[in-house]
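Here's the structure, in structure tokens; my notes come after.
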Amino acid sequence: MNFQLTEDQLLIQESAKDFAENEIAPSAVQRDKEAAFPYDIVKKLGELGFMGMMVPPEYGGAGLDTISYVLAMIEISKVDASCGVIMSVNNSLVCYGLEKYGSEFIKQKYLVPLAKGEKLGAFALSEPEAGSDATKQKTTADKDGDHFVLNGIKNWTTNGTTADYYLVVATTNKELGHKGISTFVVEKGTPGFEHGVKEDKMGIRSSDTSSLTFENCKVPAENLIWEEGKGFNFAMNTLNGGRIGIAAQAVGIAEASLDAAVKYAKQRKAFGQTISNFQAIQFMLADMAVRVDAAKILTLKAAALKDAGKPYIKEGAMAKLYASKVAVQNALDAVQIHGGYGYVREYLVERYLRDAKITEIYEGTSEIQRIVIARSLLDHKY
Ligand code: CAA
Numbered sequence: 535m536n537f538q539l540t541e542d543q544l545l546i547q548e549s550a551k552d553f554a555e556n557e558i559a560p561s562a563v564q565r566d567k568e569a570a571f572p573y574d575i576v577k578k579l580g581e582l583g584f585m586g587m588m589v590p591p592e593y594g595g596a597g598l599d600t601i602s603y604v605l606a607m608i609e610i611s612k613v614d615a616s617c618g619v620i621m622s623v624n625n626s627l628v629c630y631g632l633e634k635y636g637s638e639f640i641k642q643k644y645l646v647p648l649a650k651g652e653k654l655g656a657f658a659l660s661e662p663e664a665g666s667d668a669t670k671q672k673t674t675a676d677k678d679g680d681h682f683v684l685n686g687i688k689n690w691t692t693n694g695t696t697a698d699y700y701l702v703v704a705t706t707n708k709e710l711g712h713k714g715i716s717t718f719v720v721e722k723g724t725p726g727f728e729h730g731v732k733e734d735k736m737g738i739r740s741s742d743t744s745s746l747t748f749e750n751c752k753v754p755a756e757n758l759i760w761e762e763g764k765g766f767n768f769a770m771n772t773l774n775g776g777r778i779g780i781a782a783q784a785v786g787i788a789e790a791s792l793d794a795a796v797k798y799a800k801q802r803k804a805f806g807q808t809i810s811n812f813q814a815i816q817f818m819l820a821d822m823a824v825r826v827d828a829a830k831i832l833t834l835k836a837a838a839l840k841d842a843g844k845p846y847i848k849e850g851a852m853a854k855l856y857a858s859k860v861a862v863q864n865a866l867d868a869v870q871i872h873g874g875y876g877y878v879r880e881y882l883v884e885r886y887l888r889d890a891k892i893t894e895i896y897e898g899t900s901e902i903q904r905i906v907i908a909r910s911l912l913d914h915k916y
């Protein structure tokens, strides 16, 4: 693996860092407090090409590689993991899925504005009774002439109340199990489609998450993605790439925790000296730094494999599994180093801890990542 970033990749990293520090950081604390969605920031992210980074320019995207996307995700998430997840879902679940599996009609109508950041996307797979066990879809889509009629409930949808276009997974043939599942693009405002109230979350509070309800919601047949019966494969294939995005988000939180801990340790005095002089603190910082680099390398490796057109499912799952654990551990250690100050909102580390936890849960829990990794090792599956 080549560890040398290209000039273009370094440029993307630098511009994401600049944008994060100058445009995202100033409002991050307030937005977290108020659970306020960053409308202006998302608009600007779109103008800068960060909402459709890997989509070819002919479909409105920036035409960049996955490594550039990972680097940008790390910088954005270092400052605000809420902006990170909004960007990740739009890029690696919605845009990637439509570019890879959408018809030309779908690409022109939906992918182009999504990749330009003019519209926002959401990915609706989970249901009240189908989270990790995602094949147990209860939402139905019954064919009726040139339409499908959707009925059911989706849960935990990122960008649930704010998206314009939703990729909705539903059963078109119950008899066939996961081979009878299909995916559709549903526009906000389609009669019979409502979103629920915003969830009151522990972390990533500035991103919105909600349920979706479909009651006799008529969706044109041309909005079917890929083909009937391929919806579960669509969701799995798309999530494989999504997991690289979440790994990058987790690396960002882990790195922010390390930076905050180093800064605080160098300032805080106890027993007549700065606490950075104590080996107990030094060892924690050293372990945090090792974990950040290891998680980053795993994430970049998965991205490099994807860019090279090589298999990356196991590596993406490994990156997410490890980076999410590292995000939680580093945030915990940063709080510990801050002592009582780590437990109050005046310092950022308590938000890092609240934001970190979800990376072990969404886009496949850590337990699901282990299943994917183990099946790759033992059964040569995926
Ligand atoms: N990549 C590609 N294909 C995969 C796959 C993967 N990682 N995992 C499963 N598949 C395919 C299988 O090959 C199989 O396809 P075929 O029948 O065509 O061969 C099909 O999916 C069914 O797979 P299994 O027989 O292995 O099914 P299973 O029920 O034993 O296991 C699972 C499936 C891996 C547990 C799957 O249900 C899963 O990944 N669950 C987690 C779902 C998830 O990540 N949800 C996150 C929701 S999105 C989100 O978080 C919202 C957000 O807004 C951020």
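Just so you know, we're using our numbering here: the sequence shown kicks off at 535 and counts up by one. Yeah, the Cβ is synthetic: ideal placement off N, Cα and C, and Gly gets one too.
C-alpha gap between residue i and residue j, whole angstroms
{"i": "His-914", "j": "Gly-775", "result": "19 Å"}
{"i": "Gly-765", "j": "Ile-907", "result": "22 Å"}
{"i": "Asn-707", "j": "Glu-761", "result": "13 Å"}
{"i": "Gly-843", "j": "Lys-835", "result": "12 Å"}
{"i": "Pro-845", "j": "Thr-540", "result": "23 Å"}
{"i": "Leu-659", "j": "Glu-652", "result": "23 Å"}
{"i": "Ser-561", "j": "Leu-598", "result": "28 Å"}
{"i": "Tyr-877", "j": "Asp-566", "result": "16 Å"}
{"i": "Val-860", "j": "Thr-899", "result": "14 Å"}
{"i": "Asn-811", "j": "Lys-800", "result": "8 Å"}
{"i": "Asn-757", "j": "Lys-677", "result": "12 Å"}
{"i": "Pro-590", "j": "Ala-596", "result": "6 Å"}
{"i": "Ile-558", "j": "Phe-718", "result": "33 Å"}
{"i": "Glu-721", "j": "Tyr-699", "result": "5 Å"}
{"i": "Ala-851", "j": "Glu-880", "result": "35 Å"}
{"i": "Gly-873", "j": "Leu-882", "result": "13 Å"}
{"i": "Gly-779", "j": "Glu-884", "result": "23 Å"}
{"i": "Glu-581", "j": "Gln-813", "result": "47 Å"}
{"i": "Val-619", "j": "Thr-692", "result": "8 Å"}
{"i": "Ile-809", "j": "Asp-793", "result": "15 Å"}
Residue i CB to nearest heavy atom of the ligand CAA below 8 Å
{"i": "Arg-565", "result": "no"}
{"i": "Thr-717", "result": "no"}
{"i": "Ser-791", "result": "no"}
{"i": "Trp-760", "result": "no"}
{"i": "Val-906", "result": "yes"}
{"i": "Asn-707", "result": "no"}
{"i": "Phe-657", "result": "yes"}
{"i": "Asn-931", "result": "Since the first and last residues shown for the chain are 535 and 916, residue 931 lies out of range."}
{"i": "Ala-851", "result": "yes"}
{"i": "Ile-847", "result": "yes"}
{"i": "Asp-742", "result": "no"}
{"i": "Lys-578", "result": "no"}
{"i": "Gly-665", "result": "yes"}
{"i": "Ile-902", "result": "yes"}
{"i": "Ala-814", "result": "no"}
{"i": "Val-720", "result": "no"}
{"i": "Val-619", "result": "yes"}
Cβ-based burial, residue i [other Cβ within 10 Å; buried from 16]
{"i": "Phe-537", "result": "exposed"}
{"i": "Asp-680", "result": "exposed"}
{"i": "Ser-666", "result": "exposed"}
{"i": "Met-818", "result": "buried"}
{"i": "Arg-777", "result": "buried"}
{"i": "Gly-806", "result": "exposed"}
{"i": "Asp-574", "result": "exposed"}
{"i": "Pro-647", "result": "buried"}
{"i": "Lys-803", "result": "exposed"}
{"i": "Ala-668", "result": "buried"}
{"i": "Asn-624", "result": "buried"}
{"i": "Asp-734", "result": "exposed"}
{"i": "Ala-820", "result": "exposed"}
Whole-angstrom C-beta distance between residue j and residue i, which should lie under 8 Å
{"i": "Thr-696", "j": "Leu-654", "result": "6 Å"}
{"i": "Ser-745", "j": "Lys-688", "result": "6 Å"}
{"i": "Gly-694", "j": "Leu-645", "result": "20 Å between Cβ atoms; not a contact."}
{"i": "Thr-743", "j": "Val-785", "result": "Their Cβ separation, rounded to whole angstroms, is 22 Å, which puts Thr-743 and Val-785 out of contact at 8 Å."}
{"i": "Ala-890", "j": "Val-862", "result": "5 Å"}
{"i": "Ala-781", "j": "Ala-857", "result": "4 Å"}
{"i": "Ile-759", "j": "Ala-615", "result": "Incorrect: roughly 28 Å between the Cβ atoms, too far for contact."}
Min CB distance residue i to chain D below 9 Å
{"i": "Gly-779", "result": "The question asks about chain D, but that chain is absent: this structure has only one protein chain."}
Item to check | alpha helix (DSSP H) runs wholly inside the segment 548-635, at least 4 long, in chain order | outcome: 559-568, 573-581, 600-613, 615-622, 630-635
Checklist entry - Which ranges would you report for the beta strand (DSSP E) in the segment 724-784 if only whole runs of at least 3 residues count? => result Positions of the beta strand (DSSP E) runs, each at least 3 residues long and wholly inside the segment 724-784, are given as 727-729, 743-754 in order along the chain.
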